[in-house]
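Chains A and B are the protein sequences, given in the same order.
The working numbering numbers the first residue of the first sequence as 1 and each following residue consecutively.
The working numbering numbers the first residue of the second sequence as 1001 and each following residue consecutively.
Built from N, CA and C at the ideal position, the CB exists for glycine as well.
It should be emphasised that the depicted structure is a prediction, and the values quoted were computed from it without experimental measurement.
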Amino acid sequence: MAEFGRRKFSATALPGFSTVAAITFIVLYAPIVTLVIYSFNASDSVALWGGFSAKWYGIAWQNTHVQEATIRSIIIAVSASAIATTVATMAALGTTRRGKYSGQTLIYIMINQPLMVPEIVTAVALLIFFASIKVATGYTGLIYLIVAHSAFCVPFAYLPIRARLEGMDLTLETAAADLYSTPFRTFRRVTLPLLAPGIAAGAMLAFVISLDDVVITEFVKSAGQDTLPTYMLGQLRRAVTPEVNAIATALLCLTVLLLTLFFLLTRKRG
Amino acid sequence: MIEISKVSKVFGSGDAAVAALKDVDATIQENEFFTLLGPSGCGKTTLLRLIAGFDHPTGGTIRLAGDDITYLPPNKRPVNTVFQNYALFPHMTVAGNIAFGLEMLGQSKTQIAETVDKMLDLVQMQALRNRYTTEISGGQQQRVALARALAPQPKVLLLDEPLSALDLKLRKEMQIELKRLQSETGITFVFVTHDQEEALTMSDRIAVMRDGHILQVGSPRDIYNHPVDRFVADFIGETNFLTARVAGKKVKLTSGDVIAAGDVSRHGEGAEVTVAVRPEQVRIGEAGAKGGIAATVNQTVYFGTDTHIHLKLGDGSDLVARLQSPPSGESGLSQGAAVSVQFTDGAVQVLES
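Pasting the structure below:
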């Protein structure tokens, strides 16, 4: 094996590999690093360094628009990820706990539609669809945003849950049935606990996706329903201050934290 | 205890249909260690799954203690299974696994604690009771799987090749352990294996299966000494097969020698039959001995406790003799040596040709 191993193709051995890798990482991270550094800028300009200060974090924290947008973002993200995860769990169970069936690929594509249809198309469709409901009912609450976010979060929750289910040993459920467990109790005592890491991972991914959505939110929201990302977009149209950098950095920290948790959960146990 | 009558199982449909079991009949007694033995694909595991209720037969009925359980779901059968891969719940401890069936039966907490304790003692796993099942060795997992299946005191314990994942030494230990558990608990064991030695050492009775049929049911001695056909004789232990024709109450081998064989009355005079004789029933004497069959030594193979002598008879047919190795290890039979061969009285079986 060892002798063959040495001859195996290795991308790291290609000429210029390190250079390409270095450039890739610079392109990926340099803007983010700049963003984070400039969030500590004492001057009012986004482009000119005026010394170190954390004042923009304070300003952002006390800005009532930011406060409201943050709360709104979190309400939407929590509700949407909860709904999407529940739906995704049921969809994953429905599509894996059975033999091959006709239309398998079609159903798979239908569930993952939001990954394939351009977001702007969904946004416009939802705008028109919800507009007619808003006119008919007169209701303009957050429900529209929650429903829209739930819908496009489903595939993100579905994929890790499905992966987890496919890797699960089916004889465990057979064993539970053999030990006098009813199908419902088998689900609660065996399937669900073993699926939990997948569900948690799916929920976190859905939460992050909902939290940073701009396009669909921008189209669906009613007046005064800015979320954090759409508020930031709005700010960019006016005078840009490092306050936006501060908000973006805070959002980045939250996302990195959640995604780290996501990777830890999906990696654990094969 | 278990009556299996006319049970058949077909997987798939149309052109892709595969019959895994074909009108199988069997009766398994109470307190019996019953083994389903056969090569892979013979239908033994399918039959076990039908008894457990994981699958339902295409036809026929299965009765347990007189009740028809053919279509009863697994959670309603007083039958527990030890799975080939053990199927222990990875999110529960050793004790949690053993308690699971008892909880599902709705037993009280004190009752469960008592039984779990007893089971942990029975399989000597008391020290590891709070470990997760992913943290213990294969042999220990095997014990937990046994304890978990025995805890609800089922009427029947089903074992699906439970020893196949263990190394040889551990497997031998577990064979003795299983036999002990069976006699201590008095529960009927139905054991599935493809290992003939395992079947011979543990079973009260063995059913030899092939291609969805049960070919023969009997005690290990029955099956070994009186196999019904060539397949059974070949599958259980090593056997010499020789072609012969019925000559009066004896048979005439193709080499021309006439020897006494088992019951030939089923066959007409001159009918071609196959006779089987176990290698350990072949005795080698000096060339020209009275009543012996002339043979030449082709090869000797040393196995430690015994030595296999590969012989050629006059017509070129092969015969293997198994002799206990002498202290020196030398059989004294060199290649090409002329010898004579005799069979122990009653050792030659007549099979259908």
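Assumed close pair residue i, residue j - CB separation to whole angstroms, cut-off 8 Å
{"i": "B:L1050", "j": "B:P1057", "result": "5 Å"}
{"i": "B:N1225", "j": "B:L1319", "result": "About 19 Å separates the two Cβ atoms, so there is no contact after all."}
{"i": "B:D1345", "j": "B:S1325", "result": "Between B:S1325 and B:D1345 the Cβ distance is about 24 Å, and since that is not below 8 Å, they are no contact."}
{"i": "A:I111", "j": "A:A91", "result": "5 Å"}
{"i": "A:A201", "j": "A:L265", "result": "5 Å"}
{"i": "B:A1207", "j": "B:L1333", "result": "At roughly 39 Å, the Cβ-Cβ gap does not stay under 8 Å, so B:A1207 and B:L1333 are not in contact."}
{"i": "B:L1120", "j": "B:A1095", "result": "7 Å"}
{"i": "B:A1019", "j": "B:S1008", "result": "7 Å"}
{"i": "B:P1350", "j": "B:A1261", "result": "Contrary to the premise, residue 1350 of chain B reads as Val rather than Pro in this sequence. So it is a contact: roughly 5 Å between Cβ atoms."}
{"i": "B:A1026", "j": "B:I1187", "result": "Not quite, the Cβ-Cβ distance comes to about 18 Å (not below 8 Å), so this is no contact."}
{"i": "A:P183", "j": "A:S39", "result": "The Cβ separation is near 53 Å, so there is no contact."}
{"i": "B:T1045", "j": "B:L1088", "result": "B:T1045 to B:L1088, Cβ: 19 Å. No contact."}
{"i": "A:L127", "j": "A:F219", "result": "4 Å"}
{"i": "B:R1283", "j": "B:Q1342", "result": "5 Å"}
{"i": "A:L228", "j": "A:S73", "result": "4 Å"}
Candidates the options, of which the one nearest residue i by Cα
{"i": "B:I1004", "options": "B:L1037, B:R1063 and B:V1116", "result": "B:R1063"}
{"i": "B:A1271", "options": "B:K1076, B:K1249 and B:G1291", "result": "B:K1249"}
{"i": "A:V203", "options": "A:I26, A:S53, A:D178 and A:P155", "result": "Note that residue 203 of chain A is Ala in the sequence shown, not Val. Of A:I26, A:S53, A:D178 and A:P155, the residue nearest in Cα terms is A:P155."}
{"i": "B:D1023", "options": "B:Q1182, B:D1204, B:G1060 and B:Q1029", "result": "B:G1060"}
{"i": "B:G1288", "options": "B:D1315, B:V1246, B:A1338 and B:P1327", "result": "B:A1338"}
{"i": "B:S1317", "options": "B:S1255, B:P1074 and B:R1221", "result": "B:S1255"}
{"i": "B:E1198", "options": "B:L1181, B:V1228 and B:I1236", "result": "B:I1236"}
{"i": "B:L1170", "options": "B:V1297, B:M1125 and B:G1139", "result": "B:G1139"}
{"i": "B:C1042", "options": "B:Q1281, B:S1265, B:G1212 and B:A1295", "result": "B:G1212"}
{"i": "B:P1074", "options": "A:D178, A:T255 and A:T217", "result": "A:D178"}
{"i": "A:A148", "options": "A:V20, A:V214, A:S39 and A:A47", "result": "A:V214"}
{"i": "B:N1080", "options": "A:A248, A:Y180 and A:W49", "result": "A:Y180"}
{"i": "A:A125", "options": "A:W49, A:G51 and A:T217", "result": "A:T217"}
{"i": "B:G1336", "options": "B:F1303, B:V1297 and B:F1343", "result": "B:V1297"}
{"i": "A:T174", "options": "B:Q1142, B:D1055 and B:H1308", "result": "B:D1055"}
{"i": "B:Q1182", "options": "B:E1032, B:L1021, B:G1285 and B:S1013", "result": "B:E1032"}
{"i": "A:L205", "options": "A:L194, A:V20 and A:A88", "result": "A:A88"}
{"i": "B:L1200", "options": "B:K1172, B:H1308 and B:Q1126", "result": "B:K1172"}
{"i": "B:A1276", "options": "B:R1230, B:K1290 and B:V1246", "result": "B:R1230"}
{"i": "B:P1078", "options": "B:G1304, B:I1002 and B:V1282", "result": "B:I1002"}
{"i": "A:I161", "options": "A:P229, A:A30, A:L194 and A:S43", "result": "A:L194"}
{"i": "A:G51", "options": "A:S43, A:Y57 and A:A11", "result": "A:S43"}
{"i": "A:R97", "options": "A:A250, A:L233, A:T171 and A:F9", "result": "A:T171"}
{"i": "B:L1128", "options": "B:M1092, B:P1039 and B:H1194", "result": "B:M1092"}
{"i": "B:D1204", "options": "B:H1194, B:R1210, B:R1221 and B:T1193", "result": "B:R1221"}
{"i": "B:V1144", "options": "B:K1155, B:Q1126 and B:V1156", "result": "B:Q1126"}
{"i": "B:G1329", "options": "B:E1238, B:S1340, B:T1300 and B:D1067", "result": "B:T1300"}
Residues that residue i contacts on chain A, provided the C-beta gap is smaller than 8 Å
{"i": "B:F1083", "result": "T171, T174 and A175"}
{"i": "B:P1162", "result": "The contacting residues do not exist; B:P1162 stays about 13 Å from chain A at best."}
{"i": "B:F1303", "result": "Those within 8 Å of B:F1303 in chain A number zero; the least Cβ separation is about 33 Å."}
{"i": "B:P1074", "result": "T174, A177 and D178"}
{"i": "B:N1080", "result": "D178 and L179"}
{"i": "B:A1052", "result": "D178"}
Where residue i meets chain A, residues with beta-carbon distance less than 7 Å
{"i": "B:G1101", "result": "L179 and Y180"}
{"i": "B:M1104", "result": "L179, Y180, S181 and R185"}
Residue i: contacting residues in chain B (beta-carbon distance under 9 Å)
{"i": "A:L194", "result": "F1089, P1090 and H1091"}
Listed by chain order, chain B residues near residue i by CB distance under 7 Å
{"i": "A:V190", "result": "F1089"}
Neighbouring residues, chain A, relative to residue i (Cβ below 9 Å)
{"i": "B:P1152", "result": "L179 and Y180"}
Point to revise | Contact the segment 200 to 214 of chain A vs the segment 77 to 91 of chain A: 3+ CB pairs below 8 Å | key: yes
Point to revise | the segment 236 to 250 of chain A / the segment 105 to 121 of chain A touching (three or more Cβ pairs under 8 Å) | key: No, the segment 236 to 250 of chain A is not in contact with the segment 105 to 121 of chain A.
Review point. Below 8 Å, can you find three or more Cβ-Cβ pairs linking the segment 258 to 268 of chain A to the segment 91 to 111 of chain A?
Key: Result no; under three Cβ-Cβ pairs closer than 8 Å.
Check your understanding: What are the complete alpha helix (DSSP H) segments, minimum 4 residues, inside the segment 176 to 248 of chain A?
Key -> 183 to 186, 192 to 211, 215 to 220 and 228 to 237
Check your understanding: Between the segment 1073 to 1093 of chain B and the segment 1154 to 1172 of chain B, are three or more C-beta pairs nearer than 8 Å?
Key -> yes
Check your understanding: Of all the beta strand (DSSP E) runs that stay within the bounds of the segment 1051 to 1111 of chain B, which reach a length of 3 or more residues?
Key -> Listed in chain order, the beta strand (DSSP E) elements of length 3 or more contained wholly in the segment 1051 to 1111 of chain B are 1059 to 1064 and 1079 to 1082.
Check your understanding: Between the segment 216 to 228 of chain A and the segment 14 to 25 of chain A, are three or more C-beta pairs nearer than 8 Å?
Key -> no
Check your understanding: Do the segment 1144 to 1153 of chain B and the segment 1094 to 1109 of chain B meet, that is, are 3 or more Cβ pairs less than 8 Å apart?
Key -> yes
Check your understanding: Which runs of the beta strand (DSSP E) spanning at least 3 residues fall entirely within the segment 62 to 147 of chain A, listed in chain order?
Key -> none
Review point. Quick one: any contact between the segment 122 to 137 of chain A and the segment 59 to 71 of chain A, if contact means 3 or more CB pairs under 8 Å?
Key: no
Point to revise | Ranges of the beta strand (DSSP E) found wholly within the segment 1173 to 1210 of chain B, counting only runs of at least 3 | key: 1188 to 1193 and 1205 to 1210
Check your understanding: Taking only runs of the alpha helix (DSSP H) that begin and end inside the segment 1133 to 1164 of chain B, which ones reach a length of at least 4 residues, in chain order?
Key -> 1138 to 1150
Point to revise | Segments of 4+ residues assigned as alpha helix (DSSP H) that fall wholly inside the segment 24 to 67 of chain A | key: 55 to 62
Exercise for review: Enumerate, from N- to C-terminal direction, the unbroken beta strand (DSSP E) stretches of 3 or more residues contained entirely within the segment 1262 to 1348 of chain B.
Suggested key: 1272 to 1277, 1282 to 1286, 1293 to 1302, 1306 to 1313, 1318 to 1324 and 1338 to 1343
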